[in-house]
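**Q**
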Amino acid sequence: MLKRGYTRETNIRRDRLGHWFDGEVPIEHPNLIRSFASWIDRAPDGRFCLLNDIHWVYATIEGAPYFVRSVAVDAEGLELRLSGDRVERLDPATLRLDGEGQLWCDVRGGRVPARFESDAANQLADHFVEDDQGIALRIGDALVHPPQVEDPLAGWDPSKGHVES
């Protein structure tokens, strides 16, 4: 429970390039930037927030909340290294392509979108195939056909993913 007079509202924001600000003042401390980048999550009302082990506050996040920096392929699938030094397994059902052909997925248990940076997408080049249904990503024995979506940030429902075994 919050103490009277305290709020979860802040002026903390991250622009679409990944730069952090407190209002209009740039945040430049590398450890704070890394922490903020790893704390992005969803508040109970669906707004973006910064959530750590102690507390959470609202933050404005422009563009992709997380960036997939690199990918490691192993027998279990794909391991993603995200902005903020987070490491997570890929849920293939959340893969999708935006209108510009950029690859997206969901992280943090499906609560937050992440956009693959060029280097990370290029690491998957040998795993893309084309079949009669279009472009697919081979992950182990499964073929994943990422659907194309108009807005990869809006209303993605992971239960509608396209994974075939």
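With the numbering used here as the guide, the letters of the sequence shown map in order to residues 1350 to 1514.
Even for Gly, the Cβ is constructed at its ideal location relative to N, Cα and C.
(1) Assuming V1493 and P1441 form a contact by the criterion Cβ under 8 Å, report the distance between their Cβ atoms to the nearest whole angstrom.
(2) Looking at D1390: is its Cβ nearer than 8 Å to the Cβ of R1435?
(3) Let me know the alpha helix (DSSP H) ranges lying completely inside the stretch 1475–1505, each 4 residues or longer, listed in chain order.
(4) DSSP puts D1409 in a beta bridge; with which residues?
(5) Look up W1464 in the DSSP assignment and give the residues it is bridged to.
(6) One question on the structure: do L1452 and L1446 come within less than 8 Å of each other, judged by their Cβ atoms?
(7) To the nearest angstrom, how far is it from the Cα of N1401 to the Cα of F1370?
(8) Between the alpha carbons of P1462 and V1417, how many angstroms are there, rounded?
(9) Over the uninterrupted alpha helix (DSSP H) stretch that includes R1383, give me the two end residues.
(10) State the Cα-Cα distance for the pair P1496 and I1484, rounded to the nearest angstrom.
(11) Considering Cα atoms alone, identify which of A1413, E1411, E1428, G1412 is closest to S1419.
**A** In short:
(1) 5 Å
(2) The answer is no: Cβ separation not under 8 Å.
(3) none
(4) Residue 1409 is actually Thr in this sequence, not Asp. Beta-bridge pairing links T1409 to R1362.
(5) Note that residue 1464 is Arg in the sequence shown here, rather than Trp. Answer is F1416, W1453, bridged to R1464.
(6) Contact: yes.
(7) 18 Å
(8) 10 Å
(9) DSSP places R1383 inside the alpha helix (DSSP H), whose first and last residues are 1379–1388.
(10) 9 Å
(11) Out of A1413, E1411, E1428, G1412, the CA that lies nearest to the CA of S1419 is found in E1428.
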